[in-house]
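Number of protein chains: 2
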Amino acid sequence: MIIRSNTVNLLKRLSKYIKKLTKTKKTTIKDIANVLNISPAAVSKALHDDSRISDKTKAAVKTVAKKLNYQPNHLASALRRGKSNLVGLIVPRTNSNFFSSVVQNIEEVLNKKGYNIIITQSNESFTKECSNIDTLLFTQVDGIIASMANETIDLDYFEKIKSKGIPLILFDRGENDLNVDYVGINDYDSSHMIIEHLVDQGCKRIAHIGGYRHTRIFNNRVKGYIDAINKHNLPLEDELLIESSLTIEDGREKMEQLLALENRPDAVYVAADYAALGALQVLEEHQIRVPQDIALVGFGNEPFTALVSPSITTINQHSAEIGKQAALTFLERVKTPGAKQTLNKIIFEAELIVRDSSNKKG
Amino acid sequence: MIIRSNTVNLLKRLSKYIKKLTKTKKTTIKDIANVLNISPAAVSKALHDDSRISDKTKAAVKTVAKKLNYQPNHLASALRRGKSNLVGLIVPRTNSNFFSSVVQNIEEVLNKKGYNIIITQSNESFTKECSNIDTLLFTQVDGIIASMANETIDLDYFEKIKSKGIPLILFDRGENDLNVDYVGINDYDSSHMIIEHLVDQGCKRIAHIGGYRHTRIFNNRVKGYIDAINKHNLPLEDELLIESSLTIEDGREKMEQLLALENRPDAVYVAADYAALGALQVLEEHQIRVPQDIALVGFGNEPFTALVSPSITTINQHSAEIGKQAALTFLERVKTPGAKQTLNKIIFEAELIVRDSSNKKG
DNA sequence: CAAATCTGCTTAAACGTTTAACTAAATTTA
DNA sequence: TAAATTTAGTTAAACGTTTAAGCAGATTTG
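In structure tokens:
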């Protein structure tokens, strides 16, 4: 009968509390403690499956927690433990397939480990990037995973992250100078693969519309282009190597520039798909056959590259793997909080996807 | 000389603290208070420009704060004030131009008011959407702005947000049944505009590849289609009205289906741009002239619609305005926390962008 | 069978801010 | 010039958790 009367008592206390709670706000650990006549500390431990709490108490705590619709206060726990379980993300933009896929995979991996992510966009602007960093630090994130804006040259703001002692992981657009983890693809080799392929298709005069060389990945693509051109004893001329911002409009403009040359190229390798699309439009407008007259290769495997006609040959950047690896690298870093960050590169080999825009052999 | 010696003292205390801080972690309000020999409360008030703190003290606090590189602990302040200054976003995906633009504009408006946003993606999955809601509630967001997944029919999880008493604002994909704020465009009218335009181009047999009708916006587009067709005394036939998931593949499939008809349509209105692109591919493959043989209209004004050839006529959804308005609506709601949420629709008129795929008059 | 160990809790402090309530001194008002 | 008000702070509690330290009582060990 003792058990029976205990149960009755519990029910009474419970209903009393439920009434009270409808008037007030949220259930806290204290409420559960009061219902069960134990200390809040015991409740906290029970909820975390601490070994020093009996199974009976654990079970009781959990059922009461459910009954009272208890939701842990994330802020309080984060404050006490000194970590927020939030990871900040900074990407140039989210409406590119590459970045959104990276983000999705980072999210997937981190969610499983109890982390949530805050996504911010820099829109390729240095100023916005800086304010994003401030925002994330202010929000007490446990780490930051970032891909730099095109504009970014000054790295003081990223140093700020490092100096706070929270992990910083860079992907795609990164800087060795920062001495932090980096995840990306081999841009240098990718250029080689592209040139190799174009040579294989019989192209003899290959132009490159590249990105700004102060951004390492674009510089690496340019270096790969130069070395591969030299390797094959093809003409390496200033007029064939163009630096640009790689927007669609820029792709159009630079393509017009190439078409205006006395000695036109028979292939153009554009360092980003959107710019390649702009270039393709211009080629069509000039009724130049692609790939017969001029072959075209892009970079990034944006979905539309498979959809336009002719479909565009491009490089698959393994966004999913990059995202996963960036997340895993972060998880590795938070394991040993005090540790000094060191340069640690993880490089995936890219994959060339040959499509109609460069496939002369059909 | 008193001032002089005070300054000297301050400097001493400051340097002492700076030394200490290099060893320990972050500057807190207490550190600043110690340096200046005032109470932490005074520091807090000074930093918030409380009128009961002298200008002199305010200035002193602010300079010391800067010197010590003070960053307010967002968690502590959020815990104390009972709000996190975080707003949760749930979108089906971020790699569509519409959603990323909405997100960007929400961010812009809210950042100015001191809010940060947490973006989550549902990937059109109901399960993921539910877990996103849990995540956001767990993170103690001050409000949620969401666009529903295609799959979502059961609204219990959204009711959960409401029952927590935090503002919920829906945009684009919403449900009247929830009785919350909604921001979107007039889908019904948009269909009318499209049919009007096609009729104007001389089309007489217009098909519609629509979305799932349980999603209100797609249902509204279908209803608009039906009413407009009737209004113009055009044939309204089952075989011309197709329900689909509106992916590219689905667009291809349904277009094939339409082409297999004995009595083919002379125009197709597809309720999403990606599906319209799939349809366009199929038309090209069948060497059907667009718009001469069959005119095509999409929905959403994705960037590629202007870039493919023929460029695709589509509907501009005013993503920027929708984002801004959603954010402003949230800000309005948090002003009066206890207030019951009510149905409050803000509807923008959409804009038809006529391009080559439907322009027979050239 | 006394000492050591284990079990299952409790106590109390801490995380860094904010804020209601108080106070002492300075200033204004009647 | 005494009373009232203003100024510029201080004090202490609170937000909801977590956790180190402590402590009875039960069990094991030598």
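If you're matching them up, the sequences are chains S and A in order.
Under my numbering, read the first sequence as residues 1 to 362, first letter to last.
Under my numbering, read the second sequence as residues 363 to 724, first letter to last.
Beta carbons are placed, not taken as given, at the ideal position from N, Cα and C, and that holds for glycine.
Using a Cβ-Cβ distance cut-off of 8 Å, determine whether residue i contacts chain S.
i	result
Ala421(A)	no
Phe710(A)	no
Phe533(A)	no
Thr501(A)	yes
Asn595(A)	no
Leu693(A)	no
Leu437(A)	yes
Glu599(A)	no
Leu342(A)	The structure shown has nothing for residue 342(A), since chain A only spans 363 to 724.
Val449(A)	no
Ser484(A)	no
Gln729(A)	Outside the displayed span of chain A (363 to 724) sits residue 729(A), for which this structure offers no information.
Asn459(A)	yes
Leu621(A)	no
Phe666(A)	yes
For chain A, is any of its Cβ atoms less than 8 Å away from the one on residue i?
i	result
Ala78(S)	yes
Ala271(S)	no
Arg93(S)	yes
Lys23(S)	Note that Lys23(S) scores a pLDDT of 49, beneath 50, so its modelled location is shaky and nothing firm can be said.
Gln281(S)	yes
Thr363(S)	Here chain S comprises residues numbered 1 to 362, so residue 363(S) is not present and cannot be evaluated.
Leu343(S)	no
Thr215(S)	no
Glu175(S)	no
Glu284(S)	yes
Ser100(S)	yes
Val290(S)	no
Phe299(S)	no
Gln287(S)	no
Ser309(S)	yes
Which residues in the same chain have their Cβ closer than 7 Å to the Cβ of residue i, if we skip the five residues on either side of it in sequence?
i	result
Ser462(A)	Thr456
Ile391(A)	Pro402, Val405, Ser406
Asn179(S)	Gln341, Thr342, Leu343
Tyr550(A)	Asn582, Lys585, Gly586
Glu618(A)	Val644
Lys385(A)	Any reading at Lys385(A) is ruled out, since the residue's pLDDT is 49, under 50, leaving its predicted position unreliable.
Who are the near neighbours of residue i in its chain, counting only those whose CB is closer than 6 Å to its CB and skipping five residues on each side?
i	result
His232(S)	Val199
Ile495(A)	Tyr519
His192(S)	Gly224, Ala228
Ala78(S)	Ser84
Val464(A)	Ser681, Ile684, Gly685
Gln325(S)	Val183, Ile346
Lys254(S)	Ile209, Ile242, Ser244
Val659(A)	Ile556, Tyr631, Thr675, Ser720
Ala408(A)	Ile415, Thr419, Lys420, Val423
Identify the residues that DSSP records as bridge partners of residue i: which are they?
i	result
Asn344(S)	Asp181(S)
Ile144(S)	Gly88(S), Leu168(S)
Asn116(S)	Leu86(S)
Leu714(A)	Ile677(A)
Val43(S)	Answer by DSSP bridge pairing: none, since Val43(S) is not bridged.
Ala295(S)	Ala267(S)
Gln483(A)	Val453(A)
Enumerate in chain order the residues of its own chain whose CB-to-CB distance from residue i is below 8 Å, with the five nearest sequence positions on each side excluded.
i	result
Ser525(A)	none
Asp516(A)	Phe488
Glu647(A)	none
Does the segment 502–515 of chain A come into contact with the segment 534–542 of chain A, if we say contact requires no fewer than three beta-carbon pairs (one atom in each stretch) closer than 8 Å? Three or more Cβ pairs drawn from the segment 502–515 of chain A and the segment 534–542 of chain A lie within less than 8 Å of each other, which places the two stretches in contact.
Quick check for students: name the residue ranges of the alpha helix (DSSP H) that lie wholly in the segment 239–289 of chain S, counting only runs of 4 or more. Whole alpha helix (DSSP H) segments, 4+ residues: 248–259, 273–285.
For the segment 327–347 of chain S and the segment 262–281 of chain S, state whether three or more C-beta atom pairs, one from each stretch, are separated by less than 8 Å. Judged by Cβ distances under 8 Å, the segment 327–347 of chain S makes no contact with the segment 262–281 of chain S, as fewer than three pairs qualify.
Every unbroken beta strand (DSSP E) inside the segment 532–571 of chain A [3 residues or more]: Taken in chain order, the unbroken stretches of beta strand (DSSP E) that lie wholly in the segment 532–571 of chain A and span 3 residues or more are 543–547.
When the Cβ atoms of the segment 538–554 of chain A are set against those of the segment 682–691 of chain A, are three or more pairs found closer than 8 Å? Yes, they touch.
Taking one C-beta from the segment 441–460 of chain A and one from the segment 668–675 of chain A each time, how about it: are there three or more such pairs within less than 8 Å? Flag = no, the segment 441–460 of chain A and the segment 668–675 of chain A do not touch.
When the Cβ atoms of the segment 465–485 of chain A are set against those of the segment 445–456 of chain A, are three or more pairs found closer than 8 Å? Counting Cβ pairs under 8 Å, three or more are found: they touch.
Tell me the start and end of each unbroken alpha helix (DSSP H) in the segment 673–701 of chain A that is at least 4 residues and wholly inside, in chain order. Whole alpha helix (DSSP H) segments, 4+ residues: 681–697.
Do the segment 195–214 of chain S and the segment 111–118 of chain S meet, that is, are 3 or more Cβ pairs less than 8 Å apart? Counting C-beta pairs with one atom in each stretch, the segment 195–214 of chain S and the segment 111–118 of chain S have fewer than three that are closer than 8 Å, which means they do not touch.
Cβ contact check for the segment 272–287 of chain S and the segment 591–611 of chain A: 3 or more pairs under 8 Å: Contact between the segment 272–287 of chain S and the segment 591–611 of chain A is absent, because fewer than three Cβ pairs lie under 8 Å.
I'd like the ranges of any alpha helix (DSSP H) spanning at least 4 consecutive residues and lying wholly in the segment 414–449 of chain A. DSSP runs (the alpha helix (DSSP H)) wholly in the segment 414–449 of chain A: 417–429, 436–443.
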